[in-house]
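Residue numbers for the sequence shown follow my numbering, so the first one is 126 and each next one is one higher.
Glycine included, C-beta positions come from ideal geometry on N, C-alpha and C.
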Amino acid sequence: MTPDKLIGRAAKRSVETPSRLNSNDLDELCDAADEAILSGGGFGWLSPPPRSIMEDYWRGVQMIPERHLVVARLDKVIAGSCQIVCPPRNNEAQAFSCNLTTFFVAPWARGHGLATLIVSEAEVLAKSKGFTMVNLDVRSTQTRAIQSFEACGFVHYATNHYYARVEDEYVTGFYYHKELT
């Protein structure tokens, strides 16, 4: 999918929590993640890993009961995602909260409201699992993601000036939370 195919028409948006990814879904998810990583939104990766590692990563997500994948599609093509990660079962003190992680929207799909759809679906999923709080963290350089989180009502509560290291420079990280009402 390229931006020129989206110009001049309304793209169809959808969001889902798939129980299983088929091979086409896996390809689209890997492609979208690679593009997001290359544009600086790489949920930890600074450059795309080899395709086999990326595929194994997404397959692994589906195998971990504490991880729940949310994907967004633009014109039926996976264009972004996030995960809701549940705390370990032995962590009773924090059993009320989950983490939203690995959030991204591919560059070609930005500007269509997918970020809001992904976050909203993640919140619905978190509520359905009994959580009353969602936490997340993000690099300060990921300004579009920060704008999306703040627009969805997440509150910035902490800053870590040594959050990540990119090209031998420290990058600040921001911590957010949102109470689910």
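Query, Result
"Could you give the distance in angstroms between the alpha-carbon of residue 200 and the alpha-carbon of residue 298?", "33 Å"
"According to the neighbour-count rule (16 or more other Cβ atoms, all chains shown, within 10 Å of its Cβ), is residue 303 buried or exposed?", "buried"
"Between which two residues does the alpha helix (DSSP H) containing residue 187 stretch?", "176 to 188"
"Residue 135: which of 171, 236, 285 and 193 sits nearest, CA to CA?", "236"
"Using the C-alpha atoms, what's the distance from residue 190 back to residue 215?", "14 Å"
"According to DSSP, simplified to helix, strand and coil, what is residue 245?", "helix"
"What does DSSP give as the partner residues of residue 261 in its beta bridges?", "301"
"Would you mind working out which of 179, 170 and 195 sits nearest residue 290, comparing C-alpha positions?", "170"
"Could you please give the first and the last residue of the uninterrupted alpha helix (DSSP H) stretch that includes residue 268?", "268 to 276"
"Cutting at 8 Å between CB atoms, please list the residues of its own chain near residue 138, excluding the five before and the five after it.", "197, 198, 199, 237, 238, 239 and 242"
"Take residue 221 and list the residues in its own chain whose beta-carbon comes closer than 7 Å to its own, dropping the five residues that flank it on each side.", "256, 257 and 258"
"Which stretch, first to last residue, makes up the beta strand (DSSP E) that contains residue 207?", "202 to 210"
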